[in-house]
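Q: Chains as they are written, first to last, in the numbering used here: chain A, 2 to 330; chain B, 1202 to 1535.
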Ligand SMILES: Nc1ncnc2c1ncn2[C@@H]1O[C@H](COP(=O)(O)OP(=O)(O)O)[C@@H](O)[C@H]1O
Ligand SMILES: Nc1ncnc2c1ncn2[C@@H]1O[C@H](COP(=O)(O)OP(=O)(O)O)[C@@H](O)[C@H]1O
Ligand code: SF4
Ligand code: SF4
Ligand SMILES: [Mg+2]
Ligand SMILES: [Mg+2]
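(1) Report the three-state DSSP secondary structure of residue 1221/B (helix, strand or coil).
(2) Secondary structure at residue 1170/B, three-state DSSP: helix, strand or coil?
(3) Does the beta carbon of residue 1463/B come closer than 8 Å to any beta carbon on chain A?
(4) With a threshold of 7 Å (Cβ to nearest heavy atom), would residue 277/A be considered close to ligand 8?
(5) I want to see whether chain A comes within less than 8 Å of residue 1470/B, judged by CB atoms only; does it?
(6) Taking the CB atoms as reference points, tell me whether residue 1373/B and residue 1314/B lie closer together than 8 Å.
(7) Kindly indicate if chain A contains any beta-carbon less than 8 Å away from that of residue 1186/B.
(8) For ligand 5, which residues have a Cβ under 7 Å from at least one heavy atom, in chain order?
(9) Would you mind giving the Cβ-Cβ distance between residue 150/A and residue 106/A, rounded to the nearest angstrom? I have them listed as a contact below 8 Å.
(10) Short check: CB of residue 237/A to CB of residue 298/A, under 8 Å?
(11) Please report the straight-line C-alpha distance between residue 1384/B and residue 1214/B, rounded to a whole angstrom.
(12) Looking only at its chain, what residues have a beta carbon closer than 7 Å to the beta carbon of residue 1234/B, apart from the 5 residues adjacent to it on each side?
(13) Taking 7 Å as the limit between beta carbons, can you name the residues of its chain near residue 214/A, skipping five residues before and five after?
(14) So, is the C-beta of residue 1202/B closer than 8 Å to a C-beta in chain A?
(15) Closer than 5 Å from C-beta to any heavy atom of ligand 3: which residues, in chain order?
(16) Which residues of the stretch 1497–1525 of chain B have a Cβ closer than 7 Å to any Cβ of chain A? Give them in chain order.
(17) Could you tell me which residues DSSP pairs with residue 264/A in its beta bridges?
(18) In this structure, how does DSSP classify residue 329/A when only helix, strand and coil are distinguished?
(19) Chain B beta carbons: is any one of them nearer than 8 Å to that of residue 190/A?
(20) Please tell me whether, using a cut-off of 7 Å, the distance from the CB of residue 17/A to the nearest non-hydrogen atom of ligand 1 is below it.
(21) Is any heavy atom in ligand 4 found nearer than 7 Å to the beta carbon of residue 1528/B?
(22) State yes or no: is the C-beta of residue 1367/B within less than 8 Å of the C-beta of residue 1387/B?
(23) Check this for me: beta carbons of residue 1324/B and residue 1270/B, under 8 Å apart or not?
(24) Residue 1177/B: beta carbon under 7 Å from a heavy atom of ligand 2?
(25) Give the C-beta separation of residue 1445/B and residue 1458/B to the nearest angstrom, bearing in mind that I take them to be a contact with Cβ-Cβ under 8 Å.
(26) Mapping DSSP to helix, strand and coil, what is residue 95/A?
(27) From residue 1517/B to residue 1279/B, what does the alpha carbon distance come to, in whole angstroms?
(28) Could you please give the first and the last residue of the uninterrupted beta strand (DSSP E) stretch that includes residue 1311/B?
(29) Classify residue 1257/B as buried or exposed, calling it buried when 16 or more other Cβ atoms lie within 10 Å of its own Cβ.
(30) Closer than 7 Å by beta-carbon distance: list the chain B residues that pair up with residue 218/A, in chain order.
(31) Using a Cβ distance threshold of 8 Å, determine whether the stretch 1463–1470 of chain B contacts the stretch 1272–1287 of chain B, with at least three qualifying pairs required.
(32) What are the residues in the stretch 1368–1388 of chain B lying within 7 Å of chain A by C-beta distance?
(33) If we define contact as Cβ-Cβ less than 8 Å, is residue 1481/B a contact residue for chain A?
(34) How big is the Cα-Cα spacing for residue 1533/B and residue 1436/B?
(35) Could you check whether the Cβ of residue 1390/B sits closer than 7 Å to any heavy atom belonging to ligand 6?
(36) Quick one: which chain A residues come within Cβ less than 9 Å of residue 1453/B?
Below is the structure:
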């Protein structure tokens, strides 16, 4: 037996009831994240990345709802908890970092007050101990003059510095899991690199598991141990980061990698995936990627592939199906 | 003498007055505040060439773009296109004729299309505005051809922008920009709002169109890999100035300016080569009160006293096409 995963998601399904029927925005998503591991969730906009994260922290906005599956935090089921029971888990056991640092920071309070309050809500510390801890954390995330800056308001920090403060806030109650949704997307490249390194180092030192949601393969390559590629609400491929980036098994992942201009590349024409991700109201039958896939064949248009093992990964594509799995004709 | 370049930008500067209103200033005893968004920027673009400007947000890229296409008057300097000065009053008449030949594509394909107009009318607008055709059937025909050119269907002319995805909307923007048969396109972050698979479609399309129509591009992006893919020459901007300008190959194989080097090091290593990299330290200073001398000096590992006093001039290096604004490079220290 291996150790209990920090986060285990099984067959997660998120639905939106609409007048024209029920839309499945997240469909049969499963993955584990080990303590200290960074799992990247990557995909183009609308793939269902953020909803997966939102479902895990129990913040789906109605009418969106978890319609199936199980979510476990270090073995404890959390998907069936009430809003009240879930509240102390967020902040204490699951830290959160969003694209816009101002989502996590209250503009009316000094950053120190917010960190101290979070620490004291979740850990048995006096005001003074919590303040000392907050200063330590701010130093750790690279805020110069933390003793002074702790009494500043969020608007007195630059975007990059604010995201550092949010990291301090996410880590202050020593969570088991951090969910970071596009944490560097709004930042300039030079600042982005700083924040990625910081997130990686802090979580490695503490053994915190990280679910890193991003549309940027570069960020994944720099940060993640494993990566799940999402397409139209499902995982298309999941595996070790090097394998997925350098020798992807799923045609969508390969297309995605070829589409990214590189600073080493040849400058030739970029690989181009025709079309765009389907809307939830028009997800193609069979493999959702089939209208855009250069390898699509008859089976792809009628039968949906599940994730199948290939090398050290899983890929949802009939091309990787073991021959014996083909139904006899 | 060789012919002057198709596009010539000379010593372009733009200062914004960012003071509080006069009364507040008097009451709060504050001085007037000026923001130097663009300072002394010069470059040229040959016909059918692509030159790119790259830099982090606030470095002045969009301000340069707006001055080049004639949307924003420069505080100083000139923009000359095919021999006509964009901003001199004397050339007013010629400038009018020039307008048709220059078009711009913006970052946000959502905001730049009027949601209440059909796609056909959007694309036909420049044709009508410049009086390039008046006959309805002829305009319709041209719109259909333009839609085909950018990979859409002539029947799409009857639809509204909301019926299209982000990438398709950017194609519509490109069709509209091409409808006045321009020779020079300024594209300001044209793919920054798009997903990578769609970005690849648009970048490929822009290159195809350049080959087919002989277009000249000024291409602006914060993404080094994207400009590398598109441009023959690249200018790197920092706090309103071009700090290094170079043929693309050379910039990537032998960047000279400490900021350009750091920017390259900050690009995520997708090939996972584990190439050694140095982290960029610090943040971009406030543009209203930039550091004296070289604006990069607080973040620069090669800084010396002189850098805090004297602004380094853009000067050519060993290669005549490669210029760098850095004392350390000029002194041969790095
Ligand atoms: N409140 C909602 N009602 C209906 N559809 C929604 C809602 N929120 C998100 N969606 C849809 O769910 C899909 C996945 O969204 P999201 O998880 O935000 O994607 P990602 O983060 O990968 O860009 C998208 O197609 C989006 O339009
Ligand atoms: N109309 C304006 N008024 C005042 N400041 C401006 C205006 N337009 C741009 N700026 C400032 O000029 C600088 C350069 O802006 P911009 O050209 O948009 O940079 P970039 O496109 O490289 O992000 C920024 O500091 C910006 O805030
Ligand atoms: S299952 Fe078929 S359509 Fe889907 S990715 Fe594989 S080959 Fe392409
Ligand atoms: S001029 Fe001085 S501070 Fe500026 S980049 Fe060169 S060495 Fe660094
Ligand atoms: Mg999202
Ligand atoms: Mg801009």
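We treat Cβ as the ideally placed atom computed from N, Cα and C, and that holds for glycine.
A: Checking against the coordinates, here is how it stands:
(1) The three-state secondary structure of residue 1221/B, taken from DSSP, is coil.
(2) Outside the shown range of chain B (1202 to 1535) lies residue 1170/B, about which nothing can therefore be said.
(3) For residue 1463/B, the answer is yes, since a Cβ of chain A falls inside 8 Å of its Cβ.
(4) Only ligand 1, ligand 2, ligand 3, ligand 4, ligand 5 and ligand 6 can be found as ligands here, which leaves ligand 8 out of the picture.
(5) At a cut-off of 8 Å between C-beta atoms, residue 1470/B counts as an interface residue with respect to chain A.
(6) Their beta carbons are under 8 Å apart, which means residue 1373/B touches residue 1314/B by this criterion.
(7) Absent from the model: residue 1186/B. The displayed extent of chain B is 1202 to 1535, so no value can be given.
(8) Residues close to ligand 5 by the beta carbon criterion (under 7 Å to any non-hydrogen atom) are, from first to last along the chain, 46/A, 50/A, 51/A, 182/A, 183/A, 214/A.
(9) A Cβ-Cβ distance of about 13 Å is found for the pair residue 150/A and residue 106/A, leaving them out of contact under the 8 Å criterion.
(10) No, Cβ-Cβ distance for residue 237/A and residue 298/A is not below 8 Å.
(11) Roughly 25 Å separates the two Cα atoms.
(12) Within the same chain, residue 1234/B has close Cβ partners 1219, 1220, 1489.
(13) In chain order, 42, 50, 51, 54, 181, 182, 183 place their CB closer than 7 Å to the CB of residue 214/A, counting only its own chain and leaving out the 5 sequence neighbours on each side.
(14) At residue 1202/B, the pLDDT of 49 sits below 50, so the modelled position is not reliable; the number obtained from the coordinates is stated separately. Judged by the 8 Å Cβ criterion, residue 1202/B is not in contact with chain A.
(15) My final list is 252/A, 288/A, 290/A, 291/A, 294/A, 296/A, 297/A, 301/A, 306/A, 318/A, 319/A, 320/A.
(16) Considering only beta carbons, no part of the stretch 1497–1525 of chain B lies closer than 7 Å to chain A.
(17) Paired residue(s): none; residue 264/A is not in a bridge.
(18) Interpretation of residue 329/A is limited by its pLDDT of 48, a score under 50 that renders its predicted location unreliable; the figure taken from the coordinates is listed afterwards. Residue state, collapsed to three classes: coil.
(19) By this cut-off, residue 190/A is an interface position.
(20) Yes, the Cβ of residue 17/A comes within 7 Å of a heavy atom of ligand 1.
(21) Yes, Cβ of residue 1528/B sits closer than 7 Å to a heavy atom of ligand 4.
(22) In terms of Cβ geometry, residue 1367/B and residue 1387/B do not form a close pair [threshold 8 Å].
(23) No, the pair does not count as a contact, with Cβ atoms beyond the cut-off.
(24) With chain B represented from 1202 up to 1535, any question about residue 1177/B goes unanswered, as that position is not in the structure.
(25) Yes, residue 1445/B and residue 1458/B are in contact; Cβ-Cβ is about 4 Å, under 8 Å.
(26) In this structure, residue 95/A counts as strand in the three-state DSSP scheme.
(27) Residue 1279/B has its alpha-carbon roughly 21 Å from the corresponding atom of residue 1517/B.
(28) No beta strand (DSSP E) holds residue 1311/B; DSSP gives it neither H nor E.
(29) When all chains shown are included, residue 1257/B counts as buried.
(30) Neighbourhood of residue 218/A in chain B, by CB distance below 7 Å: 1471, in chain order.
(31) No, because fewer than three Cβ pairs between the stretch 1463–1470 of chain B and the stretch 1272–1287 of chain B fall closer than 8 Å, the two stretches do not touch.
(32) Residues of the stretch 1368–1388 of chain B with a Cβ closer than 7 Å to any Cβ of chain A, in chain order: 1368.
(33) The C-beta of residue 1481/B comes closer than 8 Å to at least one C-beta of chain A.
(34) Their backbone Cα atoms lie some 21 Å apart in a straight line.
(35) Short note on residue 1390/B: C-beta closer than 7 Å to some heavy atom of ligand 6.
(36) Neighbours of residue 1453/B in chain A, taken as residues whose beta carbon is under 9 Å from its own, are 264, 265 in chain order.
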